[in-house]
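S.K.:
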Amino acid sequence: MPFLSAQPTVADVAELFLGAPGTELDEANPENRFRLEWIEQVESLVDTAVADGAKALVITATGKFFTNGLDTDFIAAHAAELPAYLDKVHGLYTKILTLPVPTIAAINGHAFGAGAMLALCADHVVMRTERGFWSLPEAALSMPFTRGMASLIRTRLTDRTATEAMLTSRRYAADAAVAAGIVDEAVAAGDLLARAAAIGAERAPLAGPAQTLIKRGLRQPLLADLAVPTPPSLL
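See the structure below:
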């Protein structure tokens, strides 16, 4: 399950890991998929980090995956619950998009689907070189995007990049992701966490209630789309 680092790289910059501590792969959720309990745990840890005085938040993981997105096993077994499940995913996006502290996504491995979109919720995104892709596989899987998800991608990326990413399911390595404007920086794996923490430290003095107000103003149409309940007719 996700956890907050007990020894963050930089003081006042919390580090949220999306997998289990002490191992590259969480045996219970090896791809860091958006299981219901995982979503709840991530939200709780984000709230804890802010309540404990963090001035910035780094979101990362270890191993092969940043996160592989939606819990497809749950979706297959609980089709009737899909709208409510997707609304919970939207709720997590909204929380990250409106935090009162600067947020940095440090993509350590594959970020696919809903996981790729989670990275886009951060204020700044760094991605490791050597291994891992950012991708929206929905088109290849014949899956539609929710209104909120489409708005998130359209808002955070250029129209040309959003069109390519959404319609072709292209897999972007770090350098290609930088060129496409998906991520801000590509860094070596050994420097990923330190670079993300350094950015957090640079922006930490900006933390405070005004950050949330500014983010809500900046992202108002997106937040409105994420708040629209997912219709049962989506699929």
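Take 1 as the starting number for the sequence shown in full-length UniProt numbering and just add one per residue. Cβ atoms here follow ideal geometry from the backbone N, Cα and C, with glycine treated the same way. Just so we're clear, the structure is a prediction, and the values are computed from it rather than from any experiment.
List in chain order: all unbroken beta strand (DSSP E) runs of 3+ residues lying wholly within the segment 79 to 139.
M.R.: Those beta strand (DSSP E) runs which fall completely within the segment 79 to 139 and span 3+ residues are 103 to 107, 110 to 112, 124 to 128.
S.K.: For Ala56, list the residues DSSP reports as bridge partners.
M.R.: Paired residues: Val13.
S.K.: Could you tell me the distance, in whole angstroms, from the CA atom of Val126 to the CA atom of Pro229?
M.R.: When rounded, the distance between both Cα atoms is 31 Å.
S.K.: How big is the Cα-Cα spacing for Ile199 and Ile104?
M.R.: Going from the Cα of Ile199 to the Cα of Ile104 covers about 8 Å.
S.K.: Is His124 buried or exposed, if buried means 16 or more other CB atoms sit within 10 Å of its CB?
M.R.: Buried.
S.K.: So, with DSSP's three-state summary, where would you put Arg171?
M.R.: Strand at Arg171.
S.K.: Using CA atoms only, rank isn't needed, just tell me which of Thr146, Glu43, Leu193, Asp52 is closest to Leu86.
M.R.: Measuring from the Cα of Leu86, the nearest candidate turns out to be Thr146.
S.K.: Where does Leu141 land, buried or exposed, given buried means 16+ other C-beta within 10 angstroms?
M.R.: Result: exposed.
S.K.: Given 8 Å as the limit, is there contact between the segment 73 to 93 and the segment 39 to 59, that is, 3 or more CB pairs closer than that?
M.R.: The segment 73 to 93 vs the segment 39 to 59: in contact.
S.K.: Going by C-alpha distance, which of Arg131, Ile153, Asn68, Leu97 is nearest Ala111?
M.R.: Ala111 has its Cα closest to that of Asn68, out of Arg131, Ile153, Asn68, Leu97.
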